[in-house]
Structures are given as structure tokens and as C-alpha cells.
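A.B. asks:
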Amino acid sequence: LCLFFYSPAQWVQTNGPFGGKITCFAVDSTIIFAGTYSGGVFVSTDNGQSWNAVKGGIINTNIYALASDGTNLFAGASGPYYGGFFISTNNGSSWTSSGFSPYGVTSLVVSGTNFYAGNPFGLYLSTNKGTSWSTIMPNTSVTAIAVQGTNLFVSSGWNVSRSTDNGTSWMTTDSGLAGNVVECLAISGTNIFAGTILPVTVPVGQSAQPGGGIFLSTNNGISWAPVKSGLPNKPVSTIAVKDANLFAGTSSGVFRSTNNGTSWVQMNSGLTDTNIYTFTVKGANLFVGTDNGIFFSTNNGESWSAANNGIINTSISALAFFNSNLYAGDNGILLSTNNGISWTAATSTIPYISSFAMSGTNLFAGLKFSTGILRSTNNGINWTLLDSGLTNANVTCFTVSGSNIFAGDGQTGHGVFLSTNNGTSWISVNSGLTNTWIYSLAASSNGNGTATIFAGTQNGGVFRSTNNGTSWTLPSSDLSTNIVFSLLVDGTNLFAGAGGGVFLSTDNGTSWHVTGLTNANVSCLAISGENLFAGTIYSAVSNGGIFLSTDHGANWASVNTGLTNTNISSLAVSETDLFAGTYGSGTWRRSISEMVTAVKGTENQPPTTFSLLQNYPNPFNPTTTIRYSAGTYGRTSIKVYDILGREVATLVNETKAAGTYHVIFDASKLPSGVYFYQLQTGGYSETKKLLLVK
């Protein structure tokens, strides 16, 4: 019997981990849609038994709202670069953007021909399916929208507003809400329910009640009364109505009331995650979205079952490959013994794993939002929490040098800790550290039984210790304006992955220079032999993805073929494969040898197409670099224009052979403002925008 294992010629998404944060639902006929945080939209045609991703055309995969008018599906997305309102006419297979406000959509309701969208800056109305929008409630942080007949209800902060004329005029009340922040609304007959959270601040003259809870109005929102008997003092994030049952989703699970909220009973049987974000009802089934996927109940919440098959919406915060096992950190630790073909939960008791390290037979996991570390002595089957001496530190990175284990805190800024007894106890080693926000650690052997320890900080540079952390020095301020997310030692080379690219030091951090990868936010680094990999995240100046250098960082090539999510959080190397953790799409795998062969096969070959890349840096003052490629021999020009279309500079105007080039634009004699630069060669033309800020 011969077994053959296929080595992919491109990136392949591993089979999970399934689950992830579910933010919203929509139901249309026989279809259920689920919106996720960072994973896009998923669809199920079999009552939640299986799911498929359908996010083509939605650049931002942070989905906060879904709605359907029976024919079209609508999605509200929100994020730093690609928020907006999206429309699909084919059940989510493809999407188009309506060009909504860049602040995005966080709540959405369709009522007849009226579309209401809310975000932290206002409430908006469209009467033409999102083609155009008008602001009907400006300068208001909208948290929820509900419609009852001719009544439109909107929650914002400590009050609820009602309009009977589609938002032309409003009646606003906070009577009885006791200063609680309204997070969600639900309507059952003539009853209006408001789910609330504990306010951070309280309006003048009001006193806050502890926790959150649910309030009821029986007079169209004019006044409210608490209905919390049996509910814990916890935030209520979502409310659902199913037949005569009222459901409340909280951070302590699901609660049900059969008497309009007069009393409540907890209904968590089968729920392995009790942090509830959203509900939906389809026929006899009730679905709930949590931090770790979807659960459904066919008996009004008496029992729950997971329904996550196919939902890969996991943001992987850490990856490691030890002893033929692949470990992934997110809301707990996930383990695969077969290169990602299947996954099991190694622990889910403590969430948000930030990093892994291996020392001897001990495996360590850092906790991003909790004090302490987890240690396993049996390859992740069992874990022990250790926190002695960590003084409320959240561990975001590790490095190991002999019997010494170093842990850094980049979450609460407690600096570096050292353990000499396999993590049983820790001591603070911060002498000389003028910046104690530690994002990365690395150790370099000096060849005489000693080691040099490096600590990358948040806007403080890379510190160095030659005495196991007893004291630290800052040998260079070269990286003091960057967050150093990752450090990697390769012989005498020390690489730093930072907000401005990959940097290299050949003198133990005394000086640094940028490598060939500059226009990128580098979140992680990994090495396999002579092959150096950099994982990046997308931003205003970078599309993210994974890059490979085979010459110690001098040149880099994108190796993203097949990778549909280029927001890379972590990398891990096995003997044959590179694994990549993403924000929102789980873990991916690709053969290292195939990537190296592909890159070397294209080295020194001229490009076959024309392209104009985004300038870097952008914004800039007063110089910036513009990179471009010419696919054939011919006359090439690059000119810069102001916002009125007037030419202000000619950067290139000559005959060029096929190749990749760059040019420096010096705008020291120009005023601040928006400019455009245009590449023209043969029949090809491309224009991009740049911003000069003085």
C-alpha cells in the first residue's frame, strides 16, 4: 500500500479551525447568512448544518450587519480602510459597494423601500436600495435600529428616539433607563425591549445601576422599566423574539423569558461559549452567534448544538510547530497532528493566546489579556497555569536561551521577565529598559556559553542585554519610531519586522538598515535554511501578504498565490511547509520548496506587464519613492499633477528597457496637499494619488 500526499503549488486553507466570532445573521427563504468579525459572510442552505464562505467583492471582512429584502442581500461592514454598504443579488456569491461613508455600517434595517443604516457618526436613510443616502440623525452614535409599523426606533447612548415620519422629526427619551447604555432593541407586539450595558460615564443628574439588563416600554418608548428578575448584572448584547419566548444574549450565555421579561431562566445546556453576540430565528430553529461560532436549538433553548462545519473565521494570534504537532492560538489553544487536516481544542479555559515557546519537553503559551502563562509537559494534552512573579503581566512574546526563558509584556507594559525553572516562577529583569512595552524577543548565542538577548519595543527601539537581562542598553535609536513586532536571529544577522518593513543589523543591534522590503507592516518573521519569510498585514499603503527572501533580505518576492486573506498574523515552519495564521481565515499551508523554486525561477527576469506602485512613504515630507515596472522596451514618462490637473513635475521622460525601476520625488518646493502621479508608456497609463504633508 502506497500513500501519496499532495504538496500544494499554492496556498491551501487548512481544514479549520472552525468557528470564530459571529456578529450578525440574516434569513432569506431557505438560506441563512452569518456575518463574522474578520471572516466575511458565510451561507448555509441546510439549516446551519454546513456553511460556505461568500465574500467576493467585500474588501473589509468585518461584517457588523446583514439584512435581506427577499431578493437582495445587504451587508454593513466597518473597519479602518474599507467600511461600507454592500449589495449582493446572488445570495452572496458576489458583492458591489454602494460607496457608503468610509466609517462603515454597524447596524442595518430594511423596512419596505426604506433602508436605515447606523454607525458611530449618525443614522442614514436610502430609498433606492443603497444607491444614495441622506443623513437623518447626524452626530449620533447609533447602536441599534428597530421598526414597528410607522414607528422607527433608534438607540444612541443613554436614550431611545422615535420617529413616525421616517426620521424627519424625533421624540427622544431616557425616562426609566437609569443611565444605562442601550445596545440592542427588539419588538414583540406592542412591547419594546432594550438591552443595555453598564455605562462608562453617566449623564449629569443620573445614577447608573450596576451591570446591564433589559428594559421594557409599553408606550412606544416614552418611558421604560427594568425587567431583570433572574438576569445577572451583565451586558445584554442581543435580544430575540420567537413565538411566546423572549431571549436575551449576555456574556453569561442565553436567558429565556416566557412572560414578557417578568422573569428569566438561564438556558446554556450545550453552549461551550457563553459570550453571545447575536440571534436569529428560522422556522423552529433558534441560532446564536458567539466568540467561537454558531450554536442552534430546536427546543427553544433547552439544549444547544454546535453548527460550525465550514465556518473558518478564526483569527490566529500565534502559530508554532513542535514535535510534528501544529499549535494555533486564538480563543484558546488548538492542536493539529496532521498538518491542519483536522484540529482539536487543546484548551479553551483561558482565551487569547499570544505566543508559543518550547524549552526541552516543555511547551509554553502566553496569555494576551490574562496574567500568567500556560505550560504543557505532554505536547499540549494538558496545561497548567503559572503566574508566580509575573505581577499582572500579559505575556505577548517569548525567547529561550539554554535553561533561561524570557517573557515580554507588550499588552500592559510590565517589561521582561526571566524564569530559570521552566516557568514555575518569574522575576522582573527591567534594569535599563526605558521602554517596557515588549512586542518581541530574540536570543543570539555568543558561542562561549553566553547569549545576547534582544527586546523589541513599541516606539522605543531594540534593547540588548549581554547578562541574561540583569541590565539592558539601547545601542541604537534607529528603530525608535517603529513598533518592532518581530525579531529573528540568523547567524550574525538580526532581522526586525516593524511597521516600516524588515530591518537588518549585522552588529548586534548597534545600527540598522532597511532591507528590500519597505512598503509593508511586518507582523511576523520565520526562517527555513536560507529562506527568510515575512508576514505582513494590510494597511493604507500595503496589501499585506507573505514575502520571501533568498538572499538575506536584499530582495523580496510576494508568494501569495492562492492566499485569499493577506492579513497575516503569524508564521510557523515545519520540515517541508510554511504555515500562516491569518486575521479571520484560520491557518494556511504551502510547500516551502515550491515557493523557493517559483521565486528563483523568476529572478532576473524582466516583468511582462506594466505597473505603477503606491508611493512610499505616503503621506510624505518632502521626499517619497515611486516604484514602477515596464513590460516592454519603449518611451516611459512619470509626471506629477496638482489637484487642479496642472503639471508640477516630470520625474521620468526617457526610453526604458523592460524592467523594474524606482524614482525619488522631491516635493520640498511644493505646498502641502493632494497630488497625482501618472505613468505613461506605449498604450498603458495609470494614475495614483499621493499626499504631501509639511
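Be aware that the sequence shown starts at 399, since it is given in our numbering, and climbs by one per residue.
For glycine and all other residues, C-beta sits at the position ideal for the given N, C-alpha and C.
Since we're looking at a predicted model, the values are computed, not measured.
How is the beta strand (DSSP E) around residue 419 delimited, first residue to last?
C.D. replies: Note, residue 419: premise wrong, no beta strand (DSSP E); not H, not E.
A.B. asks: Is the distance from the Cβ of residue 997 to the Cβ of residue 946 below 7 Å?
C.D. replies: Yes, these two residues count as a Cβ contact at 7 Å.
A.B. asks: Residues in its own chain within less than 7 Å of residue 619 by CB, not counting five upstream and five downstream?
C.D. replies: Within the same chain, residue 619 has close Cβ partners 551, 558, 560, 571 and 590.
A.B. asks: Is it true that the segment 911-921 meets the segment 955-963, where meeting means three or more beta-carbon pairs spaced less than 8 Å apart?
C.D. replies: With a cut-off of 8 Å, the segment 955-963 and the segment 911-921 do not count as touching, because too few Cβ pairs lie within range.
A.B. asks: Quick check on the burial criterion: 16 or more other C-beta atoms within 10 angstroms. Buried or exposed for residue 1042?
C.D. replies: Label assigned to residue 1042: exposed.
A.B. asks: Who does residue 557 pair with in a DSSP beta bridge?
C.D. replies: Answer is 554.
A.B. asks: Would you list the residues sitting across from residue 691 in a DSSP beta bridge?
C.D. replies: Answer is 688.
A.B. asks: So what's residue 607 in DSSP terms, helix, strand or just coil?
C.D. replies: For residue 607, the predicted structure reports a pLDDT of 49, less than 50, and the residue's modelled location is therefore unreliable. A value from the coordinates is still provided. Of the three classes helix, strand and coil, the one that applies to residue 607 here is coil, per DSSP.
A.B. asks: Are the CB atoms of residue 509 and residue 545 nearer to each other than 7 Å?
C.D. replies: Yes, the pair counts as a contact, with Cβ atoms nearer than the cut-off.
A.B. asks: What whole-angstrom Cβ distance do residue 1098 and residue 434 have, given they're in contact under 8 Å?
C.D. replies: This structure gives no information on residue 1098, because the portion of the chain shown stretches from 399 to 1092.
A.B. asks: For residue 689, I'd like the list of residues in its chain whose CB is within less than 7 Å of its CB, leaving aside the five on either flank, ordered along the chain.
C.D. replies: 419, 671, 673 and 729.
A.B. asks: What distance in whole Å lies between the Cβ atoms of residue 987 and residue 412, which are believed to be in contact at a cut-off of 8 Å?
C.D. replies: Residue 412 to residue 987, Cβ: 6 Å. Contact.
A.B. asks: Secondary structure at residue 775, three-state DSSP: helix, strand or coil?
C.D. replies: Correct three-state label for residue 775: coil.
A.B. asks: From the DSSP output, in three-state form, read off residue 763 for me.
C.D. replies: Note: residue 763 maps to strand in three-state DSSP.
A.B. asks: I need the boundaries of the beta strand (DSSP E) containing residue 1008, first residue and last residue.
C.D. replies: That residue, residue 1008, is in no beta strand (DSSP E); it is neither H nor E in DSSP.
A.B. asks: Compute the beta-carbon to beta-carbon distance between residue 528 and residue 496, rounded to the nearest angstrom, for a pair I have assumed lies under 8 Å.
C.D. replies: Between residue 496 and residue 528 the Cβ distance is about 4 Å, and since that is below 8 Å, they are a contact.
A.B. asks: On the criterion of 16 or more Cβ atoms from any shown chain inside 10 Å, does residue 1055 qualify as buried, or is it exposed?
C.D. replies: With fewer than 16 other Cβ atoms within 10 Å, it is exposed.
A.B. asks: Whose C-alpha, out of 831, 878 and 899, is nearest the C-alpha of residue 870?
C.D. replies: Nearest C-alpha to residue 870: 831.
A.B. asks: Pick helix, strand or coil for residue 992, following the three-state DSSP scheme.
C.D. replies: DSSP places residue 992 in helix when its eight states are reduced to three.
A.B. asks: Counting Cβ pairs closer than 8 Å, one from the segment 929-943 and one from the segment 673-684, do we hit at least three?
C.D. replies: Because the criterion of three Cβ pairs below 8 Å is not met, the segment 929-943 and the segment 673-684 do not touch.
A.B. asks: Taking the C-alpha atoms as reference points, what is the distance between residue 1066 and residue 1046?
C.D. replies: Cα to Cα, residue 1066 sits roughly 12 Å from residue 1046.
A.B. asks: In three-state DSSP terms, what is residue 887?
C.D. replies: In the structure shown, residue 887 sits in a strand (DSSP, three-state: E or B).
A.B. asks: Only counting the same chain, and skipping five residues up and downstream in sequence, which positions put a Cβ closer than 8 Å to that of residue 525?
C.D. replies: If we look at residue 525 and ignore the five residues flanking it on each side, its Cβ neighbours are 511, 512 and 513.
A.B. asks: Within 10 Å of its beta-carbon, does residue 1092 have 16 or more other beta-carbons around it, so buried, or fewer, so exposed?
C.D. replies: Answer is exposed; the Cβ neighbour count stays below 16.
A.B. asks: Judging by CA-CA distance, which residue of 592, 610, 634 and 636 is the nearest neighbour of residue 622?
C.D. replies: Comparing Cα-Cα distances from residue 622 to each of 592, 610, 634 and 636, the minimum goes to 592.
A.B. asks: Give the single residue among 408, 474, 888 and 410 whose Cα lies nearest to the Cα of residue 424.
C.D. replies: That would be 474, whose Cα lies nearest to the Cα of residue 424.
A.B. asks: Please give the ranges of any beta strand (DSSP E) in the segment 821-858, keeping only runs that are unbroken, at least 3 residues long and fully inside the region.
C.D. replies: Qualifying beta strand (DSSP E) stretches, in chain order: 836-843 and 849-855.
A.B. asks: Which residue wins for smallest C-alpha separation from residue 1073, given the options 507, 1064, 1051 and 923?
C.D. replies: Taking only the C-alpha atoms, the option nearest residue 1073 is 1064.
A.B. asks: Measure the CB-CB distance between residue 701 and residue 668 and report whether it falls below 7 Å.
C.D. replies: Closer than 7 Å, so yes.
A.B. asks: Less than 8 Å between the CB atoms is what I'm expecting for residue 778 and residue 723, so what's the real figure, rounded?
C.D. replies: Sure, about 7 Å apart at Cβ, within 8 Å.
A.B. asks: Going straight from the alpha carbon of residue 838 to that of residue 804, what length do you get?
C.D. replies: Roughly 10 Å between the two C-alpha positions.
A.B. asks: In terms of alpha-carbon separation, which member of 1080, 448 and 436 lies closest to residue 962?
C.D. replies: Checking every option, the nearest Cα to that of residue 962 belongs to 436.
A.B. asks: Could you give the distance in angstroms between the alpha-carbon of residue 369 and the alpha-carbon of residue 466?
C.D. replies: Nothing about residue 369 can be read from this structure; the chain reaches only from 399 to 1092.
A.B. asks: Taking the C-alpha atoms as reference points, what is the distance between residue 402 and residue 414?
C.D. replies: With a pLDDT of 34 at residue 402, under the threshold of 50, the modelled position of this residue cannot be trusted, and the question is left open.
A.B. asks: Would you call the segment 703-711 and the segment 636-649 in contact, with 3 or more CB pairs under 8 Å?
C.D. replies: Output reads no: the segment 636-649 does not touch the segment 703-711.
A.B. asks: From the DSSP output, in three-state form, read off residue 997 for me.
C.D. replies: Reduced to three states, the DSSP call for residue 997 is helix.
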